[in-house]
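Structure first, then comments.
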Amino acid sequence: VLSASDTAAVRALWKKLGNNVGVYTTEALERTFLAFPSTKTYFLHLDLSPGSTQVKAHGQKVADALTLAVDHLDDLPHVLSALSDLHSHKLQVDPVNFKVSMRAEAGPACQGWEEFSPGKGVEGQMDNSLSPQLLSHCLLVTLARHYPGDFSPALQASLDKFLRHVILALASGYP
Ligand code: HEM
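One gets the working numbering by counting positions in the sequence shown from 1 and adding 611 to each.
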């Protein structure tokens with residue numbers, strides 16, 4: 612569970628982002644695809660070139676999900692259950708993409724860094740391409756870039772916790 616100060620910090624930042632959450636989530640996706648090319652595995656049916664309107668549309672969807680999460684921080688598994696179902700059953704995103712985060716939950720944010728280097732897949736499964744840590748990392752970089760004055764170590768830690776809780780909720784659809 613997020614502490615009261617984590618919750619307050621995340622809510623305050625989101626308020627500041629206003630209508631730009633989609634813009635920053637899109638930048639984070641673009642950064643993820645560029646910095647970790649293997650993340651593109653799941654999105655080959657989309658135009659992934661820089662400035663793509665399809666990536667922008669996807670970024671807005673992910674942003675709306677994150678905003679919904681910010682608005683329901685104490686009820687994440689419930690509000691994200693349909694999305695969890697989508698990723699696990701319909702899209703059949705390999706659970707390896709969500710597992711690292713569950714492990715990281717037990718320790719400091721940096722724990723297990725070597726675990727999610729791209730391409731280090733489990734045999735017979737897709738590699739951990741769009742590892743949510745990679746997307747979370749790129750979202751943190753994006754926000755740090757646009758809000759340097761706000762981005763204290765404490766805010767980074769709170770945001771990181773928030774994103775890990777989102778991933779945990781998304782992973783709840785897996786057996
Ligand atoms: C679609 C959110 C992580 C793969 C979506 C959608 C949302 C979303 C809101 C659109 C659902 C709809 O159209 O109704 C998130 C969030 C994530 C996350 C908040 C974590 C922070 C991942 C990961 C993967 C993934 C880790 C793959 C490794 C996909 C794919 C689609 C999708 C392939 C369908 C894209 C399309 O064809 O339009 N996601 N997702 N997502 N997600 Fe995720």
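Glycine included, each C-beta is placed from N, C-alpha and C at the ideal position.
Distances taken from the Cβ of lysine 672 to the heavy atoms of the ligand HEM include one shorter than 7 Å. When DSSP states are grouped into helix, strand and coil, tyrosine 653 belongs to the helix group. Pairing leucine 687 with alanine 676 gives a Cβ-Cβ distance that is not under 8 Å. Gln665 is the residue among Asp705, Ser616, Gln665 whose C-alpha sits nearest the C-alpha of glycine 633. Where tyrosine 635 is concerned, the enclosing alpha helix (DSSP H) starts and stops at 632-646.
Nearest neighbour of leucine 779 by Cα position, chosen from Ser692, Leu702, Tyr758, Phe647, turns out to be Ser692. In terms of side-chain proximity, the C-beta atom of tyrosine 653 is found nearer than 7 Å to a non-hydrogen atom of the ligand HEM. For the 8 Å CB-CB criterion, histidine 698 and valine 704 form a contact.
Between the ligand HEM and the CB of histidine 757, the shortest heavy atom gap is not smaller than 7 Å.
In this structure, the straight-line span from the alpha carbon of alanine 646 to that of leucine 624 is close to 25 Å. In terms of Cβ geometry, threonine 643 and threonine 650 form a close pair [threshold 8 Å]. The stretch 767-777 makes no contact with the stretch 626-641; the number of CB pairs closer than 8 Å stays below 3.
Between the alpha carbons of tyrosine 785 and lysine 772 lies a distance of about 21 Å. Exclusion of the five residues before and after valine 621 leaves Leu613, Val681, Leu684, Ser769, Leu770, Phe773 as the residues of its chain whose Cβ lies within less than 8 Å of its Cβ. For proline 764, the uninterrupted alpha helix (DSSP H) segment begins and ends at 764-782. For leucine 628, the enclosing alpha helix (DSSP H) starts and ends at 615-628.
Comparing alpha-carbon positions, the option among Lys672, Ala619, Pro759 lying closest to asparagine 630 turns out to be Lys672. Each residue's CA atom was taken as its position, placing glutamate 638 and leucine 750 some 8 Å apart.
Between threonine 618 and the set Thr636, His748, Leu766, Leu659, the nearest pair of CA atoms involves Leu766.
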